[in-house]
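Colleague: Protein chains in written order, with the UniProt record's numbering: chain A, 1 to 309; chain B, 1 to 557; chain C, 1 to 385.
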Amino acid sequence: MLRYILRRIFYMIITLFIIATVTFFLMKLLPGSPLSAENKLSESQREVVLEKYGLNDPIPVQYVNYMTGLVRGDLGISFHFDNTPVTDILINRMPPSMVLGGQALIFGTIAGILFGLIAAIYHNGWLDYTSTVIAVLGTSIPSFVFAGLLQWYLANEWGLFPVALWGTYAHTVLPTIALAIFPMATAARFTRTEMLEVLGSDYITTARAKGVTESGIIFKHGLRNSLIPLVTVMGPMAVSLMTGTLVIEKIFAVPGIGEQFVSSIEVLDYPTIMGTTLLFSVLFIVILLVIDILYGLIDPRIRLTGGGR
Amino acid sequence: MKKVWFLALALLLGLFLSACSGGDNSGSSGDNGGEEGTEESGSNTEQVLNFVNGDTIPSMDPGMVTDEYGIQFTGASMEGLYRMKDGEIVEGIATDHEVSEDGLTWTFTLREDATWSNGDPVTANDFVYAWQRALDPDTGSEYGPYMMGGVVKNATAVNEGEVPVEELGVSAPDDYTLEVNLENPVPYFESLAAFPTYYPLNEEFVEEQGDAFATSTDTLLFNGPYTLENWESTASSWELQKNEDYWDAETVQLDKITFEVVKDAQTQVDLYESGEIDRAGLSSDLVDQYQSHEDYVTVPEATLAYLKMNQTQSDALANTKMRKAISMAVDKEAMVNEILNNGSIASTGFVPKDFVKTPDGQDFREANGDLVTYDPEKAAQLWEEGLEEIGKDSVELELLGGDSEVAKISDEYIANQLSTNLKGLDVTLKSVPFEQRLDLDTNMDYQLQTSLWGPDYVDPYTFLNLWLTDGQNNQMGYSNEEYDTLIQETTDELAQDKEARYQNFLEAEQILADTAAVAPLYQRARARLVQPKIQDVYINSFGPTFEWKWASVGSEE
Amino acid sequence: MAGQHQKNEPPKELFVSHERKENTTEMITKPSRSFFQDARRTFFKNKMAVVSIILMIIIILMSIIGPYFNEYGMDGQDLSRAKMPPRVPVAENIPFLGMDGTLQDEFKGSTVEEATENAVMRYDNAEDFVDIEVLSEGDGSTDSAEVSATYNIYEAKEMTDDYFWLGTDQLGRDQWTRIWLGTRVSLIIAFVAAAIDLLIGVAYGGISGYYGGRVDDVLQRIIEILSGIPNLVVIFLLLIVLQPGIMSIVLALTITGWTGMARIVRGEVLKQKNEEYVLAARTLGQTNGKIIRKHLMPNIAGIIIINTMFTIPSAIFFEAFLSFIGLGIVPPEASLGALIDAGFKVFRLYPYLVFYPAVLISIIMIAFNLIGDGLRDAFDPRMHK
């Protein structure tokens, strides 16, 4: 197991290195620079500004500087916000995204499990069909359409929640629901299938025969065993949350990392774009790793074959 | 198995908890703001306003600011020699000034009761330091050389590093006298001196803060009517609080103005309707719905939109007849009424309406009349002649535009109008982010481009210098000797002669129309919803958009 | 001993002669059907999937012929007919459908007159064409009176002979035409992206799985690194660098998109190649290429088809998502995502501009997901009955 984890971490570092390199050179291909904000600049002024951002050096030198900076956790200085380190920007923008992502994941998974459970228990009943329909709609309807509907009805028409912005806890409700819909639908579908399979298996029949109560069968034997494989779909869920934050934060004007990413692209703030890209990548890779390790711990077969993938 | 399950749960929970505690900080501060907002908008006497801002403030360093919001908030929290009030120049740190016979030496008398927010007095040396800093090549200021170059003596030379900063034409004979030597007589110098680049800076404080200067409230000093609180460069909310130490503090009536970043116009309106904010910007689509609202106002600006035609990238655009055809082929009236729909007016010249008056009291625009109007038949005819001259049947042009919502729609319209009204012309669109567009502009890597220009001071020169042969904002290969001479004269030999100077401006504008330098599109206005209780907020055509020094909350209705 | 044996011999009469009967336990009672016949049967039993297939066929057909149902073009601008509400012949007489070509809203004022005035002002001051219905008389205080106003914009603009089935946008372009052309663009992007994913994924996964060993090792390491990169980030970066347009979007979607397919195909090939029939084919001297084409491919076709079915909706979603963020297709061309983005900004005012494309994209996504589900069940032998 340890060898497996170490190997994964090694690949992780290579992946990050490649991402950082590719991002760096792609950014160099792009037009624009810190001084394109205004073209009211004389040649000599240009030199000074370029010097300040270290853009006067040949590209290989810039690359080495950037990479050594990365190792020290220094992501450079924003082009857009004067003298503000990218690290500070990211740290400032993290909390709202984390709150939304965390809440959506927890709320979505729990609600999804419940839906899936109900569907499995009342297999082929109307509750089953309803929750299946909800699950299909949840995976199919684009998040921005759904978020728009939520904003329009719950906030605007009925005034239940704030329309947008960030501040009180009430502000987190609508974006959380909008984000949670995909994890919820995924969890619901998954739980239903697994649950049906487990409920049909021999040991459940045995348990029934031994006189275990129905609730005992469902919760103690059924649910627990069908939830373990749920870990495998946590990866796609986490990814969908990242994609989601970009749109949802835009719609609800949440000052999070996704909103920052989109507006950095608008003003071509390269250091911030690069910083955010790397942050997304690190999160993504770490989540994948954690899920794989968890899965390895949970499922002994994976451990035996030494790595699964 | 049980253990593992708990591990997973604990991990999730940990994520959740850490996320929550992280969010709490930002949550509680926003919380207070929200509560106060609703509480106070209900009562009439509380002198508090709640606004939204379209974006974050990227910089608060008066020497470095270039964008609308930076200029806005430095203007509200700091002060230069003069201040603008409803188009008039009123006193700021300077109480008076004298101009020498030749118009080259300006001597300002400064007030002695102005202080920085750390208690230091504002002295003439603060101006000398700030101006030198803005031009010091090491500072890397963009507006420094732009606003001072060719105006303050040796500004360009200092900026190019040819002479030391001490050679700059500004000095402090004593603490409260500022002497400025100009390169040429500049009749509009007072209005220039009201611009943030000309603001004073406390040398000791700035040097002490180093790179961190002006990155947060703690690293700023204020000498204006308000202080900026709870701000850091990435902050999405902040407030302006009355500066009790301001020399004219008794005039300032507002206790506090809160700001929250909201980019989307629809969201702004929603917040306005729910009473959380006191002013909302309206996009053109929203105007349809809100033009009958009693709080609806449109504010005309002196900002011009025009179509740049790059003569170096296309033989069609190098042909005067074809450029003229293009400038006549867009139905500007329909565009401002149907698409922009916010009080913008079709523009027929190169200097906006209601911006400056000629010496005989006529509006500049009226003095020269409608120079470029929509005329599809004439356009089609000119276009055909032009095609013959360059010996082609058809031309393909690319229109470079912005990526804002209004820009996208109006660019689509312009492209369609040109393609429809001019036979054999096919216009394709390319919309890129603002910064990227400026880069393409600088490198003259475009064919057609929609562009906006707002004035930096009250003088036709701020518009008419745009198309000088070596003008820094020309970037389209336009060159007309006669025009260059006329404009050049206004800065030197005619600088003191108002009559002749304006005569030159008028003639120069006529030349622009005859040679179709650019195609004027519209003069921008903005539509907003504003609470009627807000009184005496002045709107400037340059510098800070809003002037809040005199603002107050009146009783409702 | 032997004698004893003979003594204990059972009497012959105890033996009953065995009647020859056919062994029914091994008998195949079902009609003989190949796997694919079975799959097809299971699939067509799934009503949702069948409905989805029919819907998709209609949508694809409409995206081809729909734009030519009227004379308006993709970029047929005319500001005089901007923002017209939907109006459909026949359906215009059924009020609740919202297709009668009128705009309707509620207006408030301190008196009925004031509210009416507001309504008329909102509707181009075309007093003659605004029908007012008083909802609440009001008592003179602010916003106490309420009227419902119906504006017959087609009559006001003297365009009673015109029908814009789904209304027009801010530039007076027919929304019907644009929606179907947008659907066409979205579908093209999705199909091309799915096809490229399929080609690369199957080839890569097939080679990796079939040859195994060192080749597999190297190819798998590459995938491992590639799939560590969040596709969102790659797509973003590429779209900033490339000229926006259909090709760029397809490229951005496929550049990491194929890894999923490659993984699945490799896993399946690894499983299948150790089956006896492959061994048999190899012993009989079949070439590698022939084994892959003739034996492996048919056996992993099911999983490939299912996976492709799920690639398509995700490609549609990603394209819409990119357009929504503002990195998508270049105007005047439009995709469903771009139409939703444009409509979303005005959806309180002109809900029909966002409603129809949003419904259409949701239908397409749901349909593909249901078809995918149906196919998955169909290719699952356990589900064959």
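Ideal Cβ placement from N, Cα and C applies to all residues, glycine included.
Could one say the Cβ of D96(B) lies closer than 8 Å to chain A's Cβ atoms, at least one of them?
Modeller: Position 96 of the second sequence, counted from the start, is the residue given in the question as residue 96(B). Against chain A, the CB of D96(B) has no partner CB under 8 Å away; the residue lies outside that interface.
Colleague: Report the partner residues of E98(B) according to the DSSP bridge assignment.
Modeller: Taking the second sequence and counting its residues from 1, the one referred to as residue 98(B) is at position 98. Bridge partners of E98(B) according to DSSP: T107(B).
Colleague: Run through DSSP, which three-state label would R20(C) get?
Modeller: As a working mapping, residue 20(C) is identified with position 20 in the third sequence. Note: R20(C) maps to coil in three-state DSSP.
Colleague: Less than 8 Å between the C-beta atoms of I196(C) and T256(C), yes or no?
Modeller: Along the third sequence, read from residue 1 onward, the residue named residue 196(C) stands at position 196. Along the third sequence, read from residue 1 onward, the residue named residue 256(C) stands at position 256. Not a contact, by the Cβ cut-off of 8 Å.
Colleague: Classify Y129(B) as helix, strand or coil using the three-state DSSP reduction.
Modeller: Taking the second sequence and counting its residues from 1, the one referred to as residue 129(B) is at position 129. Reduced to three states, the DSSP call for Y129(B) is helix.
Colleague: Can you round the beta-carbon distance between V262(B) and Q268(B) to whole angstroms, since I take them to be within the 8 Å contact cut?
Modeller: Within the second sequence, numbered from 1, the residue matching residue 262(B) stands at position 262. Within the second sequence, numbered from 1, the residue matching residue 268(B) stands at position 268. Sure, about 5 Å apart at Cβ, within 8 Å.
Colleague: Measuring straight from C-alpha to C-alpha, what distance separates A194(C) and I134(A)?
Modeller: The residue you call residue 194(C) lines up with position 194 of the third sequence. The residue you call residue 134(A) lines up with position 134 of the first sequence. Taking the straight line from one Cα to the other gives about 26 Å.
Colleague: Identify every residue that forms a DSSP beta bridge with G346(B).
Modeller: The residue you call residue 346(B) lines up with position 346 of the second sequence. One detail in the question is off: residue 346(B) reads as Ala in this sequence, not Gly. Answer is Y522(B).
Colleague: List the residues of chain B that H123(A) touches, going by C-beta distances under 9 Å, in chain order.
Modeller: For the purposes of this step, residue 123(A) is taken as the residue at position 123 of the first sequence. Chain-ordered listing is empty here: chain B has no CB closer than 9 Å to the CB of H123(A), the nearest sitting near 25 Å.
Colleague: Where in the stretch 380–446 of chain B do unbroken runs of the beta strand (DSSP E), each at least 3 residues long, occur, reported from the N-terminal end onward?
Modeller: 395–401, 425–431
Colleague: Provide the residue(s) that pair with A193(C) in DSSP beta bridges, ordered along the chain.
Modeller: On the third sequence, position 193 is the one that residue 193(C) refers to. For A193(C), which the question treats as bridged, DSSP gives no partner whatsoever.
Colleague: Is DSSP giving S233(B) helix, strand or coil here?
Modeller: Walking along the second sequence from the start, residue 233(B) turns up at place 233. S233(B) falls in the coil class under three-state DSSP.
Colleague: Taking only beta-carbon atoms, is Q100(B) less than 8 Å away from chain A?
Modeller: Here residue 100(B) refers to the residue found at position 100 of the second sequence. Correcting the residue identity first, residue 100(B) is Ser in this sequence and not Gln. No - not a single Cβ of chain A is within 8 Å of the one on S100(B).
Colleague: Using the beta-carbon count (16 or more within 10 Å), is N118(B) buried or exposed?
Modeller: Your numbering for residue 118(B) matches position 118 in the second sequence. Classification of N118(B): exposed, given that the 10 Å Cβ count is below 16.
Colleague: Alpha carbon to alpha carbon, what distance is there between V186(B) and N125(B)?
Modeller: In the second sequence, the residue the question calls residue 125(B) occupies position 125. In the second sequence, the residue the question calls residue 186(B) occupies position 186. Distance between the alpha carbons of N125(B) and V186(B): 23 Å.
Colleague: So, for L226(C): in the same chain, excluding its five sequence neighbours on each side, which residues have a beta-carbon less than 8 Å away from its beta-carbon?
Modeller: Here residue 226(C) corresponds to residue number 226 of the third sequence, with the count starting at 1. Cβ within range, chain order: T256, T259.
Colleague: Would you mind sorting residue 408(C) into buried or exposed? The rule is 16 or more other CB atoms within 10 Å of its CB.
Modeller: This structure gives no information on residue 408(C), because the portion of chain C shown stretches from 1 to 385.
Colleague: Indicate whether Q77(C) and Y69(B) have their beta-carbon atoms separated by less than 8 Å.
Modeller: Counting from 1 along the third sequence, the entry for residue 77(C) is found at position 77. Counting from 1 along the second sequence, the entry for residue 69(B) is found at position 69. Their beta carbons are not under 8 Å apart, which means Q77(C) does not touch Y69(B) by this criterion.
Colleague: Which residue wins for smallest C-alpha separation from A91(C), given the options P85(C), K83(C), D100(C), I179(C)?
Modeller: For the purposes of this step, residue 91(C) is taken as residue 91 along the third sequence, with counting starting at 1. Comparing alpha-carbon positions, the option among P85(C), K83(C), D100(C), I179(C) lying closest to A91(C) turns out to be D100(C).
Colleague: Taking a contact to mean a Cβ-Cβ separation below 8 Å, would you say L110(B) touches Y176(B) in this structure?
Modeller: In the second sequence, counting from the first residue as 1, residue 110(B) sits at position 110. In the second sequence, counting from the first residue as 1, residue 176(B) sits at position 176. Yes; because the gap between Cβ atoms is below 8 Å, this pair is in contact.
Colleague: Which residue or residues does DSSP assign as beta-bridge partners of P121(B)?
Modeller: Along the second sequence, read from residue 1 onward, the residue named residue 121(B) stands at position 121. Its beta-bridge partners are T115(B).
Colleague: When the cut-off is 8 Å and only beta carbons count, does V241(C) lie next to chain A?
Modeller: Here residue 241(C) is taken as the residue at index 241 of the third sequence, counted from 1. With 8 Å as the cut-off, V241(C) counts as an interface residue toward chain A.
Colleague: Closest to I14(A) by CA distance: which of A149(C), G245(C), R221(C), V359(C) is it?
Modeller: Sequence index remark: in the first sequence, residue 14(A) carries index 14 (1-based). If we check each option's Cα against that of I14(A), R221(C) comes out closest.
Colleague: How would you list, in chain order, the residues of chain B whose beta-carbon sits under 7 Å from the beta-carbon of N118(C)?
Modeller: If you number the third sequence from 1, residue 118(C) lands on position 118. Correct list: S292.
Colleague: Mind pulling the chain B residues with CB within less than 7 Å of H80(A)?
Modeller: By 1-based counting over the first sequence, the position of residue 80(A) is 80. Near H80(A) (Cβ distances below 7 Å), the residues of chain B are P58.
Colleague: Please go through the same chain and pick out, in chain order, the residues whose beta-carbon is closer than 7 Å to the beta-carbon of R437(B), but skip the five residues on each side of it.
Modeller: As a first step, residue 437(B) is located in the second sequence; it is residue number 437 there, counting from the start. By the criterion of a C-beta distance shorter than 7 Å, R437(B) is surrounded in its chain by L400, G402, once the five residues flanking it on both sides are discounted.
Colleague: In whole angstroms, what is the alpha-carbon distance linking L283(A) and M242(A)?
Modeller: Position 283 of the first sequence holds residue 283(A). Position 242 of the first sequence holds residue 242(A). The straight-line gap from Cα to Cα measures roughly 9 Å.
Colleague: Nearest CA to the CA of V359(C): which residue from A185(A), S140(A), G200(A)?
Modeller: The residue you call residue 359(C) lines up with position 359 of the third sequence. Per the Cα distances, S140(A).
Colleague: With distances taken from CA atoms, which of F542(B), V165(B), S552(B) is nearest E88(B)?
Modeller: Reading the second sequence from its first residue, position 88 is the one you call residue 88(B). The residue with the shortest Cα to Cα distance from E88(B) is F542(B).
Colleague: Should T276(A) and L90(A) be called a contact, given that it needs their Cβ atoms to be closer than 8 Å?
Modeller: Your numbering for residue 276(A) matches position 276 in the first sequence. Your numbering for residue 90(A) matches position 90 in the first sequence. Taking 8 Å as the Cβ cut-off, T276(A) and L90(A) qualify as a contacting pair.
Colleague: Closer than 7 Å by beta-carbon distance: list the chain A residues that pair up with A358(C), in chain order.
Modeller: Position 358 of the third sequence holds residue 358(C). Here the neighbours are V145.
Colleague: Ignore the nearest five residues each way along the sequence and tell me which others in N368(B)'s own chain have a CB closer than 7 Å to its CB.
Modeller: Taking the second sequence and counting its residues from 1, one reaches residue 368(B) at position 368. Once the five neighbours on either side are set aside, the close Cβ partners of N368(B) are G349, L506, E509, Q510.
Colleague: Would you report the Cα separation of K220(A) and R41(C), rounded to the nearest angstrom?
Modeller: As a working mapping, residue 220(A) is identified with position 220 in the first sequence. As a working mapping, residue 41(C) is identified with position 41 in the third sequence. Taken atom to atom, the span from the alpha-carbon of K220(A) to that of R41(C) is near 38 Å.
Colleague: Starting from the beta carbon of I19(A), find every residue of chain C whose beta carbon is closer than 7 Å, and list them in chain order.
Modeller: The sequence position of residue 19(A) within the first sequence is 19, counting from 1. Those are I229, listed as they occur along chain C.
Colleague: Which of the three DSSP states is assigned to P544(B) in this structure?
Modeller: Numbered from 1 along the second sequence, position 544 holds the residue referred to as residue 544(B). Correct three-state label for P544(B): coil.
Colleague: Less than 8 Å between CB atoms is the rule here; does M242(A) satisfy it with respect to chain C?
Modeller: Locating residue 242(A) in the first sequence gives position 242, where the first residue counts as 1. Interface residue, yes.
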